[in-house]
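S.K.:
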Amino acid sequence: MSRLFQLDGKVAWVTGAGSGIGRTAALTLADQGAALVVSDINPVGLAETASLLGDRPHLMLAHDVTSQEQWTDGAARIGERFDRLDILVNNAGIMVSRPFELSPLELLQRQQRINVDSVYIGMQTALPLMRQAMAAGAAGASIINIASVYGMVAGAQFAAYSATKGAVRALSRAVAFELARTGIRVNCVLPGPVQTNLGADWEPPKGPDGAPIPPDVALAAWAAMIPMGRLGQAQDIAPLIAFLASDNAAFITGAEFVADGGYTVA
Ligand SMILES: NC(=O)c1ccc[n+]([C@@H]2O[C@H](COP(=O)([O-])OP(=O)(O)OC[C@H]3O[C@@H](n4cnc5c(N)ncnc54)[C@H](O)[C@@H]3O)[C@@H](O)[C@H]2O)c1
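First residue of the sequence shown? That's 10 in our numbering, and the numbers climb one at a time after it.
Next comes the structure, spelled out in structure tokens:
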């Protein structure tokens, strides 16, 4: 992405950076001048992201967002290497689709741990490093939590996922309010359907005859539900993250930004 925002001197941590929106967000933030901390539970995807970052300054962390201990260790590594953190993108997440009646509580609890507990722990862990950035002269710091339009509207068989993404929205607003006078901003991005690896391990949806619907047919049907007539790409979301990360968004906190090709308009 061309240079739109001034992130020189800032340090950004993107979780779930080994794929999809997280990877593209990390590369975009680096394009805007930030030094990157990229973390993921998947070492293969993470190494690919690190290689795409090339010789731009970055730190790679093997990191499970559900582990408080790994958050603490990660923050210690960042402290040693950069002595500050200006931007946290709580992006790592999973989405499991299943009919509500066939969804045991564990399905909600698993998504709750990865999609919500992670955001809670991540924000708490980041605060001391963000205060260090401001003590070193930064005008502010920015937390960007990736929710979803399915935290706002219903989708096909996403009850548990929707519950977690609704929680991310509420949590983000509450923390934004509490931190408003500290200079640390908290905002939420709500992507609509974006073509990534999310849900790549789903069972294929079935048609009325019980036969699996081929993936290209299912994707075309989904795209047809979007007023713009196409699914989103990670590159449709990343510039919004870069904007919220920058000092251009200095007066924006507790806000929500939908990027969905008009999916939730009607
Ligand atoms: N793709 C979409 O349609 C869409 C829409 C709305 C919101 N989102 C949200 O965007 C975020 C990124 O998803 P994506 O679409 O890029 O999916 P993705 O599957 O391509 O990437 C998610 C990344 O998170 C990582 N991850 C999963 N569990 C983890 C854990 N416990 N610890 C650390 N990393 C973990 C995965 O390894 C993967 O690299 C998620 O929070 C997702 O809910 C995606």
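Idealized CB from N, CA, C, for every residue including glycine.
#1: Going by DSSP, which residues form a beta bridge with glutamate 265?
#2: Evaluate phenylalanine 260 with the Cβ neighbour count: other Cβ atoms within 10 Å of its Cβ, from every protein chain shown; 16 or more gives buried, anything less gives exposed.
#3: Could you spell out where the alpha helix (DSSP H) holding valine 128 opens and where it closes?
#4: Along the chain, where does the alpha helix (DSSP H) containing isoleucine 246 start, and where does it finish?
#5: Can you have a look at serine 127 and say buried or exposed, based on whether 16 or more other CB atoms are within 10 angstroms of its CB?
#6: If you draw a straight line from the alpha carbon of leucine 61 to that of isoleucine 96, how long is it in whole angstroms?
#7: Give the DSSP bridge partners of isoleucine 153, in chain order.
#8: Leaving out five residues before and five after threonine 33 in sequence, what residues of the same chain have Cβ atoms less than 7 Å from its Cβ?
#9: If you drop the 5 nearest sequence neighbours on each side, which residues of the same chain put their C-beta closer than 6 Å to that of methionine 143?
#10: Who are the Cβ neighbours of alanine 156 in its own chain at under 6 Å, not counting the five residues just before and after it?
#11: Using the three-state DSSP reduction, which class does tryptophan 22 fall into: helix, strand or coil?
#12: Can you give me the Cβ contacts of isoleucine 134 inside the same chain, cut-off strictly under 6 Å, excluding the 5 residues immediately before and after it?
#13: Check leucine 240 in the structure and name its three-state DSSP category.
#14: Any idea which residues DSSP pairs valine 47 with across the strands?
#15: Examine ligand 1 and report whether any of its heavy atoms sits within less than 7 Å of the Cβ of alanine 101.
#16: I want to check one thing, is the minimum distance from the CB of isoleucine 235 to the heavy atoms of ligand 1 below 7 Å?
#17: Within the same chain, show all residues whose beta-carbon is closer than 7 Å to that of phenylalanine 252, passing over the 5 residues directly before and after it, in chain order.
#18: Give every residue of the same chain whose Cβ lies closer than 7 Å to the Cβ of glutamine 141, excluding the five residues on either side of it in the sequence, and list them in chain order.
#19: Taking Cβ positions, are tryptophan 26 and valine 47 nearer each other than 8 Å?
#20: Quick one, which of Val158, Ala264, Ala163 and Arg119 has its alpha-carbon nearest alanine 189's?
#21: Looking at C-alpha atoms only, which residue of Leu228, Glu78 and Ala268 is the closest neighbour of methionine 161?
#22: Starting from threonine 191 and walking both ways along the alpha helix (DSSP H), at which residues does that stretch end?
#23: Is it buried or exposed, aspartate 225, if we count other Cβ atoms within 10 angstroms and call 16 or more buried?
#24: So tyrosine 272 packs on proline 202, CB below 8 Å; how close in whole Å?
#25: Leaving aside the five residues before and after tyrosine 159 along the sequence, list all residues of the same chain whose C-beta is less than 7 Å from its C-beta, in chain order.
#26: Does the beta-carbon of aspartate 218 have 16 or more other beta-carbons within 10 angstroms, so that it is buried, or is it exposed?
#27: Apply the 10 Å Cβ neighbour rule to alanine 39 and answer buried if 16 or more other Cβ atoms are within range, or exposed otherwise.
#28: In whole angstroms, what is the alpha-carbon distance linking valine 125 and threonine 262?
M.R.: Once the coordinates are examined:
#1: Paired residue(s): Cys197.
#2: Classification of phenylalanine 260: exposed, given that the 10 Å Cβ count is below 16.
#3: Per DSSP, valine 128 is one residue of the alpha helix (DSSP H) stretching across 127-144.
#4: Per DSSP, isoleucine 246 belongs to the alpha helix (DSSP H) from 243-254.
#5: The residue is buried, with at least 16 neighbouring Cβ atoms inside 10 Å.
#6: Leucine 61 and isoleucine 96 have their alpha carbons spaced roughly 20 Å apart.
#7: According to DSSP, which records beta bridges pairwise, isoleucine 153 is partnered with Val98 and Asn196.
#8: Excluding positions up to five away in sequence, the list reads Ala243, Gln244 and Ala247.
#9: In the same chain as methionine 143, and ignoring 5 residues on each side of it, the C-beta atoms closer than 6 Å to its own belong to Gly192, in chain order.
#10: Around alanine 156: Lys174, Val177, Arg178, Cys197 and Leu199.
#11: Of the three classes helix, strand and coil, the one that applies to tryptophan 22 here is strand, per DSSP.
#12: Here residue 134 is threonine; the residue named in the question, isoleucine, does not match the sequence. Sequence-distant Cβ neighbours of threonine 134 in its own chain, meaning closer than 6 Å and more than five residues away, are Trp80 and Ala84.
#13: Note: leucine 240 maps to coil in three-state DSSP.
#14: Valine 47 pairs with Val23 and Met69.
#15: At least one heavy atom of ligand 1 lies closer than 7 Å to the C-beta of alanine 101.
#16: Flag unset: Cβ of isoleucine 235 not near ligand 1.
#17: The answer, listed in chain order, is Phe14 and Ala258.
#18: Excluding residues within five positions, the ones whose Cβ falls inside 7 Å are Asp92 and Arg93.
#19: The amino acid at residue 26 is misidentified as tryptophan; the sequence shows alanine. Remark: C-beta atoms of alanine 26 and valine 47 approach each other more closely than 8 Å.
#20: Selected option, being the one with the closest Cα: Ala264.
#21: It is Ala268 whose Cα lies nearest to the Cα of methionine 161.
#22: Threonine 191: not part of any alpha helix (DSSP H); DSSP gives it neither H nor E.
#23: That one is exposed.
#24: Taking a contact as a CB-CB distance under 8 Å, the pair tyrosine 272 and proline 202 counts as one, their CB atoms being some 7 Å apart.
#25: Correct list, in chain order: Phe167, Tyr170, Ser171 and Lys174.
#26: By the neighbour-count rule (16 or more Cβ atoms within 10 Å), aspartate 218 is not buried but exposed.
#27: Looking at its Cβ environment, which holds 16 or more other Cβ atoms inside 10 Å, alanine 39 is buried.
#28: Those two C-alpha atoms are separated by around 19 Å.
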